[in-house]
Amino acid sequence: MKRYDAIPIIMTVLTLAIFLPPASLFGQATGVAGAGAGTFPANTALSGVSLSGLKFGMGVLIPGDTTADGQLQATLLGTSVLGQPQNIEVGGDATSGILGTGSRTFSGTATVDMGDGTPPLLNVPFTVAATATGLVLTLGATTLPAAGLTAGSITIK
-15 MKRYDAIPII
-5 MTVLTLAIFL
5 PPASLFGQAT
15 GVAGAGAGTF
25 PANTALSGVS
35 LSGLKFGMGV
45 LIPGDTTADG
55 QLQATLLGTS
65 VLGQPQNIEV
75 GGDATSGILG
85 TGSRTFSGTA
95 TVDMGDGTPP
105 LLNVPFTVAA
115 TATGLVLTLG
125 ATTLPAAGLT
135 AGSITIK
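Numbering (the working numbering), first residue to last: -15 to 141.
Okay, here's the thing in structure tokens:
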């Protein structure tokens, strides 16, 4: 290749680099948002409470630098060992996140109210792995099975 043949190629590459900056410069947010309901497989339990499903709302920005900013609210629909309804309330603030192909994973700390009259548990580590079809919630050392989406939607950006 002659030296003069390379100049148009270099100029084209430089022009594209100037006029086609990354999407992040245009303020296109990446993250996950959704509200809805899902079901757990049979025999799902958390701290002795049998869980059938959950209702959730979440909105989390994940810029791609391992940080995250947003919230998760979830009600785990359960039944106590005595056969009575017992819902577990989870409210968490996301502080870190990962962008995956077709998924978003975020984590932080949450307040967990077991719904049994005991004081809420504070600063419980949580992680959510979300796709357009459901989510996996980890509370402390317990990873619940995937909850398949039955109502609402989850948007991955």
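Note that beta-carbon positions come from the ideal geometry of N, C-alpha and C, so glycine has one too.
Checklist entry - If residue 107 sits next to residue 93, beta carbons under 8 Å apart, how far is it from one beta carbon to the other, in whole angstroms? => result 5 Å
Next on the checklist: For the structure I just gave you, are there three or more beta carbon pairs, one from the segment 22 to 33 and one from the segment 114 to 134, closer than 8 Å?
Outcome noted: yes
Checklist entry - Going by the beta-carbon positions, is the gap between residue 41 and residue 19 smaller than 7 Å? => result yes
Item to check | Spatial distance of residue 33 from residue 84 (CA atoms) | outcome: 32 Å
Item to check | Distance between residue 98 and residue 8 (C-alpha atoms, nearest Å) | outcome: Its pLDDT being 49, under 50, residue 8 is placed unreliably in this model, and the coordinates cannot settle the point.
Checklist entry - Can you tell which of 95, 35, 104 has its C-alpha closest to the C-alpha of residue 67? => result 35
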